[in-house]
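Notes follow the structure.
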Amino acid sequence: MPPPRAGGGRGWQVAIGGAAVLVLLALFGLTAAALLDRRQPNAPAAAPDPTVQTTRGTAASDLDSRDTDQAPLTAREVFPGNSIAVGESRAEYEVRRTQSSGSCPVAATGELADLLVRLGCNQVVRATLRAPDEEYLVTAGLFNLTDRSSAERARERIRLILDERQGRFRGLSAGDETEVIATAPARVGWQVRGHYLAYAVVARTDGTTIRSGDTRVREILFDLLELHLNRGVLDRRAAGGIANQPTAEPTEGTGNQGESTED
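Residue numbering for the sequence shown follows the numbering used here, beginning at 2 and increasing consecutively.
Here it is, written out as structure tokens:
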């Protein structure tokens, strides 16, 4: 388990089975987050990966708005190789497929997709990866929203949308028996930093339902959301941006999604 973040732990709220029951858990020292089931028909900061070079400039960046962070994301920036290594163990996640799109609804459905569009989302960069133990698949990525306020508004609405089964995050099929990431019951996590909404969808490779106490899934969410996307990708972007202002600590959430019946 990763060490707790300096400055005190943060809790993750958990709602099991799509119910409104919330339980405060201490998990990996993250900020307050919502963990919920989706069932629908239809920590001290670690250093960034030194092997990945930024494509940005040299000044510090304010990630709170696209006005001060104007360069669009690229798949090479977010997922630069055939694998990513995270944590002290340097556990490797195999990158099976990447996608960059100017249409945010490719990565969400229903009211969640509508919400992202209303809040100015103009880009999503995502990838599907295979976990080191090969028992889990994960689709993770970043939505590019207008500003921090828009991203926080999205974060606050996600739990309710998933709980009411009015929308979901889409997994990205990469062929070769990875279709389950788009259809099977899954655990999901989301996190906001600046004007970015990071998300991850985790499913078992055998397509079976993930148990609520599955600690391996929680580790995967932490690896991808916190270690890779936040401390890796966004730390590098903040260090190589165009403004000279610090960025706020991220706020996170996690949950579950049920199987999809989409065609």
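Glycine included, every Cβ here is placed at the ideal spot set by N, Cα and C.
Fair warning: this is a prediction, and the values are worked out from it, not measured in the lab.
Report yes or no: is there a C-beta of chain C within less than 8 Å of the C-beta of residue i?
i, result
"R212", "Looking for chain C here will not work: only one protein chain is present."
So residue i is in the beta strand (DSSP E); what residue range does that whole segment cover?
i, result
"A199", "197-205"
"R238", "Looking at the DSSP string, R238 is not in any beta strand (DSSP E); the run it does join, the alpha helix (DSSP H), is 236-240."
"Q124", "124-131"
To the nearest angstrom, how far is the alpha carbon of residue i from that of residue j?
i, j, result
"S101", "R127", "7 Å"
"D63", "D177", "40 Å"
"A109", "S90", "32 Å"
"D164", "R158", "10 Å"
"L235", "D207", "32 Å"
"R149", "L161", "20 Å"
"A240", "T216", "32 Å"
"E153", "R212", "29 Å"
"R237", "V79", "10 Å"
"P106", "G168", "11 Å"
"L225", "T69", "25 Å"
"E136", "S151", "35 Å"
"E95", "N83", "6 Å"
"V125", "R131", "20 Å"
"P73", "E227", "21 Å"
"V193", "L113", "15 Å"
"E220", "T75", "26 Å"
"R166", "G111", "9 Å"
"R67", "T140", "24 Å"
"V181", "I85", "21 Å"
"R171", "T179", "13 Å"
"E93", "V87", "7 Å"
When we look at the beta-carbon of residue i and count the other beta-carbons within 10 Å, is it buried (16 or more) or exposed?
i, result
"D134", "exposed"
"Q71", "exposed"
"T209", "exposed"
"G190", "buried"
"G103", "exposed"
"H229", "buried"
"N231", "buried"
"V233", "With the sequence shown as reference, residue 233 is identified as Gly, and Val is not the correct amino acid for it. With 16 or more Cβ atoms within 10 Å of its Cβ, G233 is classed as buried."
"P81", "buried"
"R77", "exposed"
Three-state secondary structure (DSSP) at residue i?
i, result
"N276", "Here the chain comprises residues numbered 2 to 264, so residue 276 is not present and cannot be evaluated."
"N231", "helix"
"E95", "strand"
"A141", "strand"
"R212", "coil"
"A175", "coil"
"P247", "Since pLDDT at P247 reaches only 37, below the 50 mark, its modelled position is unreliable, and the value read off the structure follows with that caveat. Coil, per DSSP."
Can the beta-carbon of residue i be found closer than 8 Å to that of residue j?
i, j, result
"L198", "R156", "yes"
"A201", "L173", "no"
"C122", "L143", "no"
"T129", "L120", "no"
"D115", "H196", "no"
"V302", "A183", "Because residue 302 is not part of the residues shown, which for the chain are 2 to 264, the question remains open."
"R98", "A185", "no"
I'd like the span of the alpha helix (DSSP H) that includes residue i, first residue to last.
i, result
"S151", "149-164"
"T184", "181-184"
"G111", "111-119"
"A187", "Not the alpha helix (DSSP H): A187 falls in the beta strand (DSSP E), residues 187-194."
"T216", "216-222"
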